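Chains as they are written, first to last, in UniProt numbering: chain F, 1 to 496; chain S, 1 to 496.
Beta carbons: idealized from backbone N, C-alpha and C, even for Gly.
Here the structure is a predicted model, which means the values were calculated and not measured.
Number of protein chains: 2
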Amino acid sequence: MLTQSKPQKLNWKPIIKELEAALGTKNVIQRKEELITYECDGLASYRERPALAVLPRTTAQVAAAVKICNKYNVPFIARGSGTGLSGGALPVEDCVLIVTSMMRKILNVDLENQRVIVQPGVINSWVTQTVSGAGFYYAPDPSSQIICSIGGNVAENSGGVHCLKYGVTTNHVLGLQIVTAEGDIVDLGGQIPEMPGYDLTGVFVGSEGTLGIATEITLRILKTAESICVLLADFTSVEAAATTVADIISAGIIPGGMEIMDNLSINAVEDVVKTNCYPRDAVAILLIEIDGLAVEVAANKHRVIDICKKNGARDITSAADAEMRLKLWKGRKAAFAAAGHVSPDYYVQDGVIPRTQLSYVLKEIEALSQSSGYRIANVFHAGDGNLHPLILYNNSIPGELEKVEEVGGEILKLCVRVGGSISGEHGIGAEKRCYMPDMFTVADLETMQWVREVFNPQGLANPGKIFPTPRTCGEAARAMSDTSKQFDTIKGVERY
Amino acid sequence: MLTQSKPQKLNWKPIIKELEAALGTKNVIQRKEELITYECDGLASYRERPALAVLPRTTAQVAAAVKICNKYNVPFIARGSGTGLSGGALPVEDCVLIVTSMMRKILNVDLENQRVIVQPGVINSWVTQTVSGAGFYYAPDPSSQIICSIGGNVAENSGGVHCLKYGVTTNHVLGLQIVTAEGDIVDLGGQIPEMPGYDLTGVFVGSEGTLGIATEITLRILKTAESICVLLADFTSVEAAATTVADIISAGIIPGGMEIMDNLSINAVEDVVKTNCYPRDAVAILLIEIDGLAVEVAANKHRVIDICKKNGARDITSAADAEMRLKLWKGRKAAFAAAGHVSPDYYVQDGVIPRTQLSYVLKEIEALSQSSGYRIANVFHAGDGNLHPLILYNNSIPGELEKVEEVGGEILKLCVRVGGSISGEHGIGAEKRCYMPDMFTVADLETMQWVREVFNPQGLANPGKIFPTPRTCGEAARAMSDTSKQFDTIKGVERY
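Given below as structure tokens:
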């Protein structure tokens with residue numbers, strides 16, 4: 001659709017003029033040197049320079065920018081802090097990047113009703129900082145929480161280490177003000193959890209910028225637990241750690257978070273972060289956070305320690321004070337960055353499997369590492385079955401990235417094979433859309449595309465994301481040729 | 001759309017013939033005497049006889065019936081047990097009712113991964129019965145749980161007394177197999193909580209049969225808590241009970257359920273159910289269920305009792321054993337039925353308000369009762385701010401229903417005014433669609449309608465529900481005339 005209707009040589013002058021009139025000259029970035037920043041997001045192996053980047057400060061300015069893009073039939077892509085790992089904010093050729101990082105106001109704090117309204121550029125950790133003094137916090141905590149934005153979290157339905165017990169972003173967004181792909185301002189959801197009508201808030205969260213741009217987000221905040229304890233259990237096999245995770249859940253205990261790191265990750269973290277609390281000779285460590293009333297935490301801690309011991313834990317460290325807890329989590333949260341220090345490059349995957357398949361899948365990943373010759377570090381949200389294998393490689397060697405992506409693809413297919421998913425929290429973006437046909441039938445994907453057409457009839461909002469195209473995805477193209485459907489050239493729905 | 005395209009005199013003979021061929025003769029009900037059962041659901045004041053009722057047993061039979069309806073351009077309406085309270089399963093003239101009550105198989109029980117797959121006609125309480133021996137349960141528990149079906153729960157996104165802590169139906173549905181309005185079989189969601197792509201499972205749950213018919217439902221089951229305690233606190237004012245609810249939540253305690261019943265409800269229940277544990281002279285009682293580890297329950301019980309006493313509770317009864325707990329809940333669950341015994345008829349509303357507005361709204365409802373002259377019993381999910389005022393009246397007096405509906409409407413508008421919603425768990429159905437413009441702008445409603453068109457382009461699946469029509473809703477018609485939109489005669493989207 002896009003490729004068909006886009007003029008061959010676009011005259012950007014009137015577009016720039018209109019954008020500058022609506023947003024102010026300094027908020028329209030057009031110099032190539034300045035645009036380099038916006039060529040990629042956290043998936044740095046995919047790059048494309050946008051024609052322009054604009055920095056709106058209000059919902060009205062976002063709407064104005066979108067309307068101008070519509071007028072000139074120019075694709076636009078929303079970007080928050082650019083920390084996404086699946087290329088969800090990757091520009092396409094001749095697009096306008098709408099950067100929300102100047103929209104950083106916390107608009108309303110209502111402690112009594114446990115909600116906070118923020119602009120999309122607000123940094124994730126600021127929400128908790130704002131309400132922690134009053135005994136509240138915002139639950140979803142991606143590892144990038146000190147730099148990633150709430151708008152990006154909404155787009156990718158981000159998770160984090162505490163999502164095992166408290167759910168991902170979609171469970172904490174009560175309402176949204178959005179600018180649709182055509183520039184209309186629409187309210188979805190509201191200030192209370194249950195609203196009648198279709199749950200369009202739920203559709204928008206995780207739609208990766210393909211349905212519009214969120215400009216005001218109403219978040220649910222939670223009461224901070226009376227007591228929190230973090231345990232570090234040291235295992236001589238990854239399987240033993242994985243079995244422990246399954247046993248803890250089977251016992252009816254839902255910890256705040258349960259994370260496994262393997263030996264490669266442990267040593268990378270110790271080399272870089274130097275927590276001095278991760279045992280370098282452990283084959284795997286399991287971090288378990290238990291929260292609740294003090295009596296509850298004490299009882300559950302006892303039960304969890306028993307389960308760890310039953311599964312052969314060599315040693316169990318308990319961190320009850322805040323400083324030690326933060327230290328234990330800091331290593332985990334820095335694991336991706338640490339991998340970047342022990343290898344020139346790394347490629348992170350984000351597959352989900354049923355918890356009961358953890359041991360099997362980890363063995364298969366180890367076999368893939370052996371057969372491919374790439375070291376694979378495993379650090380993951382074990383409680384959710386959300387794997388983050390980090391494939392270590394050297395991108396300066398031509399052809400390596402392609403090989404590594406193939407290994408990553410094998411891991412995703414393995415996840416699907418055992419009844420899992422190709423994404424837990426990083427989104428599909430530009431990176432994984434070719435794997436969508438491994439999970440969904442053509443009819444399933446068509447149904448989603450129809451919903452996209454409702455919000456985004458011209459296909460201008462974040463094209464080239466989530467859905468496979470024959471041009472880029474051989475496999476998807478094969479699947480689609482069965483019904484002679486071509487998603488890339490699909491006709492727009494007539495809007496009445 | 002419907003009124004325009006429907007032939008004036010439909011020849012039902014070929015339709016019946018095709019339905020009988022697909023479903024078997026005995027599964028196509030056409031005799032008027034037999035069809036009386038299907039004239040209404042739990043909202044018995046709205047009635048319309050369907051032309052036919054069919055009883056499929058498989059997904060393929062549902063798909064076949066829907067395809068036949070499409071072939072002859074006949075509207076169809078799915079019905080489970082018919083316990084809905086907003087007329088969601090109300091027939092329209094010349095429609096086929098697709099009754100799922102023969103689809104009662106529990107298809108799969110996977111305790112290890114905590115999920116159960118059921119057909120839509122399975123009764124809510126059967127799910128818990130099936131897994132309780134192994135220490136699991138299904139959380140959403142509408143008061144009608146011993147007769148309502150999971151398919152109906154999915155359609156209306158049903159709640160229940162335990163949804164304060166554990167969420168409503170949408171939080172417990174992992175995946176769906178649906179038959180779309182055109183008769184295609186599509187899978188939404190999956191076996192694990194987080195799936196990539198748009199959250200269409202979330203859109204379908206609560207869509208009240210307007211997007212298709214769920215034929216297989218994957219439910220999440222939870223571990224039964226180690227310990228459960230129910231407290232009954234006796235108050236001399238409804239406001240004191242309401243303040244207690246707000247104070248408990250503010251203290252960071254989230255009970256499994258928190259329900260308030262006023263004096264009128266208490267005495268109705270005692271007259272009918274005879275629990276002999278509800279104090280007949282209490283102005284209000286508050287039922288609080290606390291669950292978790294034994295140590296946690298003990299600690300929270302202590303804190304809750306303190307909060308109740310601080311707010312002037314006269315007396316607090318504690319039920320620790322299962323029999324006594326069930327007795328306390330039985331009265332609450334029978335409250336609607338009991339109202340039917342103390343008054344010839346009752347009209348139940350289902351508004352939601354921010355918890356902090358409970359005292360104010362209850363006073364306003366009392367004022368409405370005084371000014372209108374109707375007794376209003378209050379029994380509600382106080383923790384969620386989900387009110388269920390029962391307006392007592394006599395339907396045999398002409399014009400009374402209309403007056404009572406007006407009082408109900410005033411209550412809904414009051415809920416919206418304080419930042420709440422016109423439905424917590426009963427759905428919009430046929431009953432409350434005229435109030436949708438009080439909550440949503442024309443643009444909001446249009447966006448929902450566009451999504452409906454994706455799944456239901458011919459408008460044959462459950463017409464006349466959720467969305468206001470100028471023909472029936474004066475107020476909505478006024479709102480819509482602003483943009484000269486007529487939802488009832490909207491043109492179908494062309495499906496490519």
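- When Cβ-Cβ separations below 8 Å define contact, F:T356 makes contact with chain S.
- Interface flag for S:V454 against chain F is set, since a Cβ pair is found closer than 8 Å.
- Think of a sphere of 7 Å around the beta carbon of S:N11: no beta carbon from chain F falls inside it, the nearest being about 31 Å out.
- Annotation: F:L52 is outside any alpha helix (DSSP H); the continuous beta strand (DSSP E) that includes it extends over 52-54.
- For the region 211-229 of chain S, the set of positions with a beta-carbon nearer than 9 Å to some beta-carbon of chain F reads L211, L222, K223, T224, A225, E226 in chain order.
- If only uninterrupted beta strand (DSSP E) runs of at least 3 residues are considered, those enclosed by the region 209-236 of chain S are 212-220, 227-235.
- Among the bridge pairs identified by DSSP, F:N386 is matched with F:V352, F:H381.
- Neighbours of S:N300 in chain F, taken as residues whose beta carbon is under 8 Å from its own, are L293 in chain order.
- One thing to note: S:S81 has its Cβ no nearer than 8 Å to the Cβ of S:P120.
- Considering only beta carbons, the part of the region 133-159 of chain F lying closer than 8 Å to chain S consists of G135, N157, G159, in chain order.
- At a cut-off of 8 Å between beta carbons, S:N378 makes no contact with chain F.
- In this structure, the alpha-carbon of F:T224 lies about 48 Å from that of F:P470.
- Every beta strand (DSSP E) stretch that sits fully inside the region 376-449 of chain F and reaches 3 residues is listed by chain position as 376-381, 389-393.
- Against chain F, the beta carbon of S:S423 has neighbours under 7 Å at P196, listed in chain order.
- Shown here, S:I290 sits in a strand according to DSSP, grouped into three states.
- Between S:N394 and F:V245, the alpha-carbon positions lie close to 59 Å from each other.
- Inter-residue distance for S:Q177 and F:L445 is about 15 Å (C-alpha atoms, whole angstroms).
- Look at S:Q191: its C-beta is under 8 Å from a C-beta on chain F.
- For F:D187, the neighbours in chain S by C-beta distance under 9 Å run, in chain order, F440, T441, A443, D444.
- Leaving aside the five residues that flank S:T170 on each side, the residues in its chain whose CB is nearer than 7 Å to its CB run, in chain order, N157, G202, V205, G206.
- Each residue's CA atom was taken as its position, placing S:E39 and S:R47 some 5 Å apart.
- At a cut-off of 3 residues, the continuous stretches assigned as beta strand (DSSP E) that sit fully inside the region 169-199 of chain S are 173-180, 185-189.
- A residue is called buried when at least 16 other Cβ atoms come within 10 angstroms of its Cβ; F:Q145 meets this threshold and is buried.
- By the C-beta density criterion, F:G151 is buried, having at least 16 other C-beta atoms within 10 angstroms.
- Its chain contains Y278, R280 as the residues whose beta carbon lies nearer than 6 Å to that of S:E270, once the 5 sequence neighbours on both sides are disregarded; these appear in chain order.
- Short of 7 Å from the beta carbon of F:D247, and not among the five residues preceding or following it, lie these beta carbons of its own chain, in chain order: I307, N311.
- It is roughly 5 Å from the alpha-carbon of F:E259 to the alpha-carbon of F:A382.
- Think of a sphere of 7 Å around the beta carbon of S:L231: no beta carbon from chain F falls inside it, the nearest being about 17 Å out.
- At a beta-carbon threshold of 7 Å, none of the residues of chain S lie near F:E405; the nearest stands roughly 17 Å away.
- Proximity of chain F to S:L200 at the Cβ level (cut-off 8 Å) is accounted for by V203, T447, M448, V451, in chain order.
- Contact note: F:S207 reaches chain S through Y198, using a C-beta cutoff of 8 Å and chain order.
- Under DSSP, F:D262 shares a beta bridge with F:A284.
- Contact between F:T218 and F:I117 is confirmed by a C-beta separation of about 5 Å, below the 8 Å threshold.
- A Cβ-Cβ separation of about 17 Å leaves S:G212 out of contact with S:G429 under the 8 Å criterion.
- For F:G133, the number of other beta carbons within 10 angstroms of its own is below 16, and it is reported as exposed.
- Here the alpha carbon of S:E226 sits roughly 43 Å from the alpha carbon of S:P344.
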